[in-house]
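J.: One structure follows; several queries about it will come next.
2 protein chains.
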Amino acid sequence: MSGDKINLERMMHRLNQLALCSRGSRGITRLSFSRESECANRLVRDWMREAGMVVRMDPLGNVIGRYEGRRPGAPAFLIGSHLDSVIEGGKYDGALGVVAGIEIVQTLRERGLRPDLPIEVIAFCDEEGARFHTTLLGSRAMAGMLREEDLCARDSDGITLAEAMRSFGLDPSRYTDAVRDPQSVAGYLELHIEQGPVLEREDQACGAVSGIAGAARCRFRVEGRASHAGTVPMSLRRDALAGAAEIVLAVERIAGRMPSVVATVGQLRVFPGTSNVIPGAVEGTLDVRSMEDEQRQAALKEICEEAERISRRRGLSFTCRTVMEAAATPCSARLVQAVEEALAKRGLKPLRIPSGAGHDALAMASLTEVGMIFVRCRNGISHHPDEYVAPEDVGTGTAVLLDAVLELTAAETAEKFLNKAVKGANTP
Amino acid sequence: MSGDKINLERMMHRLNQLALCSRGSRGITRLSFSRESECANRLVRDWMREAGMVVRMDPLGNVIGRYEGRRPGAPAFLIGSHLDSVIEGGKYDGALGVVAGIEIVQTLRERGLRPDLPIEVIAFCDEEGARFHTTLLGSRAMAGMLREEDLCARDSDGITLAEAMRSFGLDPSRYTDAVRDPQSVAGYLELHIEQGPVLEREDQACGAVSGIAGAARCRFRVEGRASHAGTVPMSLRRDALAGAAEIVLAVERIAGRMPSVVATVGQLRVFPGTSNVIPGAVEGTLDVRSMEDEQRQAALKEICEEAERISRRRGLSFTCRTVMEAAATPCSARLVQAVEEALAKRGLKPLRIPSGAGHDALAMASLTEVGMIFVRCRNGISHHPDEYVAPEDVGTGTAVLLDAVLELTAAETAEKFLNKAVKGANTP
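Structure follows, in structure tokens:
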């Protein structure tokens with residue numbers, strides 16, 4: 253038994269069917285707890301059953317299919333990814349990992365194979381945070397990291413997460429019932445599109461993920477003086493946007509000097525924001541990531557110092573508030589090794605790529621050992637209607653996933669894992 | 253008789269009373285054809301009658317008070333400004349010019365003086381365009397520049413100008429009856445707050461306006477490639493916001509090198525505008541003004557060329573569309589001279605300030621010769637609740653206005669004007 257036996261045609265058909273569960277005509281828009289996500293959940297439940305799994309939905313709306321192993325009561329090996337999308341995103345982000353997980357189980361079932369450990373395939377309900385602006389809802393709930401206040405997050409129509417869950421038939425007060433016992437879990441492996449240009453540059457269909465970069469997300473505000481665009485000479489202005497523009501370029505310059513760091517100003521709002529008024533204030537977001545926590549912290553510090561210097565020189569004020577900060581999360585050495593062996597088996601380089609994006613694996617790492625497989629996507633484009641993965645890369649990635657899962661759920665490996673008596677800790 | 257005789261206490265009281273005709277609690281909000289503007293019109297009509305004027309409202313809702321001169325049938329000298337405000341604006345913008353015009357006539361009346369030419373004080377109904385997003389409605393109607401399509405402009409509730417006029421008791425179909433015969437008019441002088449910092453820097457209460465700057469208003473778009481903020485190395489990005497930031501700084505630099513030019517990016521919108529996505533597109537507005545049309549055109553050309561260079565270097569595309577362009581409008585030499593003489597009479601410097609902002613005088617210039625007096629406002633702040641003019645500056649500005657009007661409506665001056673047989677042309 254090896255990964256070549258997967259049914260690529262079925263996978264591509266399923267990806268196309270999921271893509272139909274979308275709002276609007278441009279790209280994929282499938283927000284959590286929407287009519288479109290219900291449509292996707294229904295498809296996934298049907299496919300899981302077809303693959304021989306017992307299906308349930310946990311209290312947060314994660315769809316979970318379980319394929320029993322030969323040793324009843326043994327901890328389950330988890331494979332998963334998410335079904336929600338960003339607004340006008342692509343059809344592979346998240347969906348590919350769910351379809352690949354189901355395909356693996358269905359392949360085993362069709363070959364009459366049953367691994368030692370049970371396998372669970374999880375379709376997480378909300379990873380992107382596009383609706384409630386708070387990411388990894390499904391996996392954080394499962395890992396016991398969701399907080400009651402998350403239920404109060406509101407979407408752009410003012411609907412809270414709790415209200416959205418209720419109208420989806422879920423009971424938000426039961427959210428803690430989604431938490432998994434670490435003892436019942438033997439690891440988590442996620443296949444996901446790379447969403448970056450590295451595999452394309454390396455000319456390889458897929459690779460192992462070494463870990464998930466640490467990230468800081470900040471909100472900054474530059475304050476100057478709003479005044480009439482026609483009456484104030486250039487030399488007497490305190491233009492908040494001109495100051496913010498210098499800061500945006502400083503972010504680019506500072507991150508560009510540090511090889512492991514990326515930094516982005518993704519949002520910028522100008523007040524009052526009319527054509528004939530000199531901007532009085534600008535608010536923006538700053539996102540800094542690195543696999544090296546010290547580098548990330550150093551970059552953020554330098555950016556803030558430089559922004560303050562720029563603002564002082566222009567008679568502006570600068571404030572910056574860190575709203576999220578997460579340390580880098582390395583993948584488990586055991587899982588990385590299993591992926592690398594699967595790569596080697598088909599003559600691929602043992603590439604280890606850091607993930608700059610957060611994934612459900614990030615939250616799952618506080619529950620169990622995690623690993624990830626990245627699949628090449630064209631031009632590194634994701635979160636966009638042009639997102640594209642070549643079918644042959646889908647096939648190669650899923651075959652590598654199958655081989656790694658076979659290794660990780662086989663009797664001997666499972667035994668090793670159980671003997672270590674890992675209690676939810678992620679051991680890199 | 254000289255300007256000292258004006259009643260400053262009465263003026264300040266009237267400004268305070270007008271300030272009560274406002275919606276909301278922050279600053280002044282007095283949109284055209286609203287309950288608040290009706291309240292202001294009523295006050296102004298009462299004060300005009302008290303000042304000895306015959307009052308009428310023209311078909312567009314401009315309130316006009318007429319104080320007859322000694323020579324019946326002679327063309328009228330006009331003094332005016334507007335009664336509408338922006339949303340949450342200040343209490344002097346527009347209102348000061350109306351109150352000053354009334355004060356001058358009332359001062360003449362109280363001294364038993366009657367100039368050779370009749371004087372008309374006009375309170376324009378809509379200069380700011382805050383309600384219908386189309387400026388100078390009242391003065392454009394009077395100058396014959398209002399077009400039928402302007403009546404279809406809608407406010408944010410979808411109410412058209414024609415509907416708003418009807419519910420205000422006006423007949424929109426009669427809008428052309430507001431047009432004045434140029435032969436019946438001997439000039440237009442407007443006192444207005446500066447809305448800029450020049451007088452404050454010059455340490456003087458008021459000055460003559462040399463003209464109203466020409467303006468170009470453009471919309472530009474920078475297009476790059478949206479991608480995930482965590483996965484694309486800095487060197488492989490095509491960040492539209494980083495490009496737009498360079499363009500904002502180029503606008504500042506190019507305008508800063510040309511003494512007569514100001515240029516402003518007042519609005520900037522980032523797409524998709526989320527913290528974890530590298531901006532794929534940015535849209536902004538560019539406002540360029542100058543008293544010298546050639547300088548304005550040269551600045552705009554240089555900005556666009558530089559923006560294209562920046563975009564090319566970064567692999568971005570840049571497009572720019574001019575949505576409005578207006579030539580500079582110089583004030584009449586005769587009126588500027590009268591104001592300068594009035595300044596000199598009270599020991600003030602003969603300052604000539606270009607107006608970067610549009611005013612009713614801009615529309616009136618296509619009807620008759622125009623002049624303006626600017627009054628210092630604190631920190632140059634306007635269109636804001638903090639707008640403030642010191643009472644002594646109100647007094648000085650109104651005294652200068654009175655002296656200039658006395659000169660411009662006296663027998664000899666009027667004779668000179670009539671002999672020139674000017675037909676609505678503005679002769680600088």
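Listed in order, the protein sequences are those of chains A and B.
Just so you know, we're using my numbering here: the first sequence kicks off at 253 and counts up by one.
Just so you know, we're using my numbering here: the second sequence kicks off at 253 and counts up by one.
Note that the Cβ used here is the ideal one computed from N, Cα and C, for glycine as well.
DSSP beta-bridge partners for GLY317/B?
T.: Here residue 317/B refers to the residue found at position 65 of the second sequence. According to DSSP, which records beta bridges pairwise, GLY317/B is partnered with VAL307/B, VAL373/B.
J.: Taking 8 Å as the threshold (beta carbon to beta carbon), is VAL474/B in contact with chain E?
T.: Absent here is chain E; the protein component of the structure consists of chains A and B.
J.: For ALA578/A, name the three-state secondary structure that DSSP assigns.
T.: Residue numbering aside, residue 578/A sits at position 326 when the first sequence is read from its first letter. Strand, per DSSP.
J.: Give a yes or no on whether the minimum CB-CB distance between GLN456/B and chain A is below 8 Å.
T.: Here the question's residue 456/B lines up with position 204 in the second sequence. Taking Cβ atoms only, chain A never reaches closer than 8 Å to GLN456/B, which makes this a no.
J.: Less than 6 Å between C-beta atoms, sequence neighbours within five positions excluded: which residues of the same chain meet that for VAL540/B?
T.: If you number the second sequence from 1, residue 540/B lands on position 288. The residues are ALA468, ALA515, ARG548, ALA551, LEU552.
J.: Under the rule that 16 or more other beta-carbon atoms within 10 Å means buried, what is ALA496/A, buried or exposed?
T.: Locating residue 496/A in the first sequence gives position 244, where the first residue counts as 1. Looking at its Cβ environment, which holds 16 or more other Cβ atoms inside 10 Å, ALA496/A is buried.
J.: Taking only beta-carbon atoms, is LEU501/A less than 8 Å away from chain B?
T.: As a position in the first sequence, residue 501/A is number 249, starting the count at 1. For LEU501/A, the answer is yes, since a Cβ of chain B falls inside 8 Å of its Cβ.
J.: Check whether the Cβ atoms of ALA430/A and ALA492/A sit closer than 8 Å, and answer yes or no.
T.: Position 178 of the first sequence holds residue 430/A. Position 240 of the first sequence holds residue 492/A. No. Outside cutoff.
J.: Taking Cβ positions, are VAL622/A and ARG604/A nearer each other than 8 Å?
T.: Along the first sequence, one-based indexing puts residue 622/A at 370. Along the first sequence, one-based indexing puts residue 604/A at 352. No, these two residues do not count as a Cβ contact at 8 Å.
J.: Starting from the C-beta of GLY364/A, find all residues in its chain whose C-beta is less than 8 Å away, skip the five residues before and the five after it, and write them out in chain order.
T.: As a first step, residue 364/A is located in the first sequence; it is residue number 112 there, counting from the start. Contacts found: none.
J.: Relative to chain A, which residues along the segment 528-553 of chain B have a C-beta separation below 9 Å, given in chain order?
T.: Result list: ASN528, VAL529, ILE530, PRO531, GLY532, VAL534, GLY536, THR537, LEU538, ASP539, ARG541.
J.: On a Cα-Cα basis, can you pick out the residue from SER618/B, ASP409/B, VAL657/B that is closest to ALA594/B?
T.: For this step, residue 594/B is matched to residue 342 along the second sequence. The option with the nearest alpha carbon to ALA594/B is VAL657/B.
J.: Quick one: is GLY567/B buried, meaning 16 or more other Cβ sit within 10 Å of its Cβ, or exposed?
T.: Translated into the one-based positions of the second sequence, residue 567/B becomes position 315. It is exposed - the Cβ of GLY567/B has fewer than 16 other Cβ atoms within 10 Å.
J.: Cβ closer than 8 Å: which chain B residues qualify as neighbours of LEU488/A?
T.: What you label residue 488/A is simply residue 236 of the first sequence in a count that begins at 1. Those are PRO449, ARG453, GLY632, listed as they occur along chain B.
J.: Identify which residue in THR620/B, VAL503/B, VAL641/B, ARG275/B has its Cα closest to the Cα of ARG628/B.
T.: In the second sequence, the residue the question calls residue 628/B occupies position 376. Answer by Cα proximity: VAL641/B.
J.: Using a Cβ-Cβ cutoff of 8 Å, what residues of the segment 556-581 of chain B are near chain A? List them in chain order.
T.: Those would be none; no residue qualifies.
J.: Which partner residues does PHE523/A have in the DSSP bridge list?
T.: Within the first sequence, the letter at position 271 stands for residue 523/A. Paired residue(s): ALA533/A.
J.: What does the Cβ neighbour count give for ASN314/B, buried or exposed, with the cut at 16 atoms within 10 Å?
T.: Here residue 314/B refers to the residue found at position 62 of the second sequence. Buried.
J.: In angstroms, rounded to a whole number, what distance separates the CA positions of LYS257/B and LEU413/B?
T.: Numbered from 1 along the second sequence, position 5 holds the residue referred to as residue 257/B. Numbered from 1 along the second sequence, position 161 holds the residue referred to as residue 413/B. Cα-Cα distance, rounded: 41 Å.
J.: Out of THR281/B, THR650/B, LEU335/B, VAL575/B, which one is the CA nearest neighbour of PHE472/B?
T.: Here residue 472/B refers to the residue found at position 220 of the second sequence. Residue VAL575/B is the option with its Cα nearest to PHE472/B.
J.: Determine the direct distance from the alpha carbon of GLU401/A to that of GLY346/A, and round the result to whole angstroms.
T.: Along the first sequence, read from residue 1 onward, the residue named residue 346/A stands at position 94. Along the first sequence, read from residue 1 onward, the residue named residue 401/A stands at position 149. Rounded to the nearest angstrom, the two C-alpha atoms are 26 Å apart.
J.: Return the CA-CA distance between ASP645/B and GLY276/A, expressed in angstroms with no decimal places.
T.: For the purposes of this step, residue 645/B is identified with residue 393 of the second sequence, where counting begins at 1. For the purposes of this step, residue 276/A is identified with residue 24 of the first sequence, where counting begins at 1. Their backbone Cα atoms lie some 59 Å apart in a straight line.
J.: Could you check whether THR650/A and ILE356/A sit closer than 8 Å to each other, using their CB atoms as the reference points?
T.: Stepping through the first sequence from its first residue, residue 356/A is reached at position 104. Stepping through the first sequence from its first residue, residue 650/A is reached at position 398. Against a cut-off of 8 Å, the Cβ pair of THR650/A and ILE356/A comes out as a contact.
J.: DSSP three-state call for LYS257/A: helix, strand or coil?
T.: Translated into positions along the first sequence, residue 257/A becomes position 5. Here LYS257/A sits in helix by DSSP.
J.: Within its chain, find whatever has a CB closer than 7 Å to the CB of GLU498/A; leave out the 5 residues flanking it on each side and keep chain order.
T.: Position 246 of the first sequence, counted from the first residue, corresponds to residue 498/A. Once the five neighbours on either side are set aside, the close Cβ partners of GLU498/A are ILE562.
J.: Using the Cβ count rule (16 or more neighbours within 10 Å means buried), how would you classify GLU362/B?
T.: In the second sequence, counting from the first residue as 1, residue 362/B sits at position 110. GLU362/B is exposed by the Cβ-count criterion.
J.: Using a Cβ-Cβ distance cut-off of 8 Å, determine whether ALA382/B contacts chain A.
T.: For the purposes of this step, residue 382/B is taken as residue 130 along the second sequence, with counting starting at 1. For ALA382/B, the answer is no, since every Cβ of chain A falls outside 8 Å of its Cβ.
J.: Decide if SER607/A is buried, meaning its Cβ has at least 16 other Cβ atoms within 10 Å, or exposed.
T.: Counted from its first residue, the first sequence places residue 607/A at position 355. The residue in question, SER607/A, is buried, as its Cβ has 16 or more Cβ neighbours within 10 Å.
J.: Closer than 7 Å by beta-carbon distance: list the chain A residues that pair up with ALA405/B, in chain order.
T.: For this step, residue 405/B is matched to residue 153 along the second sequence. Those within 7 Å of ALA405/B in chain A number zero; the least Cβ separation is about 17 Å.
J.: Which first and last residues belong to the alpha helix (DSSP H) in which ALA502/A is found?
T.: The residue labelled residue 502/A in the question sits at position 250 within the first sequence. Looking at the DSSP string, the run of the alpha helix (DSSP H) that includes ALA502/A is 492-509.
J.: Just curious, the beta strand (DSSP E) that SER462/B is in, first and last residue?
T.: For the purposes of this step, residue 462/B is taken as the residue at position 210 of the second sequence. Here the beta strand (DSSP E) through SER462/B covers 458-464.
J.: Evaluate contact between the segment 433-453 of chain B and the segment 318-336 of chain B, counting only Cβ atoms and requiring at least three cross-stretch pairs below 8 Å.
T.: Segments in contact, yes.
J.: Exposed or buried, ASN293/B, counting other C-beta atoms within 10 Å across all chains shown (16 or more means buried)?
T.: For the purposes of this step, residue 293/B is taken as the residue at position 41 of the second sequence. Under this definition ASN293/B is a buried residue.
J.: Tell whether a beta-carbon distance below 8 Å holds between ALA460/B and VAL350/B.
T.: Residue mapping note: residue 460/B aligns to position 208 of the second sequence, counting from 1. Residue mapping note: residue 350/B aligns to position 98 of the second sequence, counting from 1. Not in contact: ALA460/B and VAL350/B (Cβ atoms no closer than 8 Å).
J.: Measuring alpha carbon to alpha carbon, tell me which residue in LEU488/B, TYR344/B, PHE626/B, MET397/B is nearest ASP433/B.
T.: Here residue 433/B is taken as the residue at index 181 of the second sequence, counted from 1. Nearest C-alpha to ASP433/B: MET397/B.
J.: Residues in the same chain with beta-carbon distance under 6 Å from LEU443/A, minus the five sequence neighbours each way, listed in chain order, please.
T.: As a first step, residue 443/A is located in the first sequence; it is residue number 191 there, counting from the start. For LEU443/A, where only same-chain residues beyond five positions count, the Cβ hits under 6 Å are GLY349, ALA352, ILE625, GLY649, LEU653.
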